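*Asks:* Please read through the structure below; I'll follow up with questions.
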Amino acid sequence: MEQPLGGWAEDRICYVCGSSCAPTHTLRSTPGPRPDDPYFPFLEGHEPPLGCRRINDPLPYVRACYLCYTLLTQQWDRYQKDSTPHNRRLYWLKRVDNGP
């Protein structure tokens, strides 16, 4: 069952990798108010960990652990530097909860 943002699971589980932690960073799936901020459209199709809500338009962001945030933003920076279009970007991530 999915929880609303700020529910028990989302306060304790990283949306990206599914690890039990205190996710302290936010990742967006759509562009934010600042044009240079990273965003990750693939998150909209990412299978959420058990207990987390699926990302949607009114709330186009998820909570992530430090490691996932760092790995994804480093990849974002590289793609930006190389001027890779968003539809050609493949992001590497690892699930620890045996999710897809």
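If you use our numbering, the sequence shown corresponds to residues 358 to 457, in order. Ideal placement from N, C-alpha and C gives every residue a C-beta, glycine not left out. Nothing here was measured: the structure is a model prediction, and the numbers come from that model.
Tell me whether His-403 is buried or exposed, calling it buried when 16 or more other Cβ atoms sit within 10 Å of its Cβ.
*Replies:* Locating residue 403 in the sequence shown gives position 46, where the first residue counts as 1. The residue in question, His-403, is buried, as its Cβ has 16 or more Cβ neighbours within 10 Å.
*Asks:* Val-419 and Leu-407: beta carbons closer than 9 Å?
*Replies:* Reading the sequence shown from its first residue, position 62 is the one you call residue 419. Reading the sequence shown from its first residue, position 50 is the one you call residue 407. No.
*Asks:* Roughly how many whole angstroms lie between the Cα atoms of Cys-371 and Cys-378?
*Replies:* For this step, residue 371 is matched to residue 14 along the sequence shown. For this step, residue 378 is matched to residue 21 along the sequence shown. So the two alpha carbons sit approximately 7 Å from each other.
*Asks:* Inspect the beta-carbon positions of Leu-450 and Leu-416 and report whether they are closer than 9 Å.
*Replies:* Indexing the sequence shown from 1 puts residue 450 at position 93. Indexing the sequence shown from 1 puts residue 416 at position 59. For Leu-450 and Leu-416, no; Cβs fall outside 9 Å.
*Asks:* In the DSSP assignment, what residue or residues form a beta bridge with Arg-385?
*Replies:* On the sequence shown, residue 385 is found 28 positions in, with the first residue counted as 1. In the DSSP output, where bridge partners are listed per residue, Arg-385 has Tyr-418.
*Asks:* Within the same chain, show all residues whose beta-carbon is closer than 6 Å to that of Arg-411, passing over the 5 residues directly before and after it, in chain order.
*Replies:* Within the sequence shown, numbered from 1, the residue matching residue 411 stands at position 54. Result list for Arg-411: Pro-405, in chain order.
*Asks:* So what does Ile-370 bridge to, in DSSP terms?
*Replies:* Within the sequence shown, the letter at position 13 stands for residue 370. According to DSSP, Ile-370 bridges with Ser-377.
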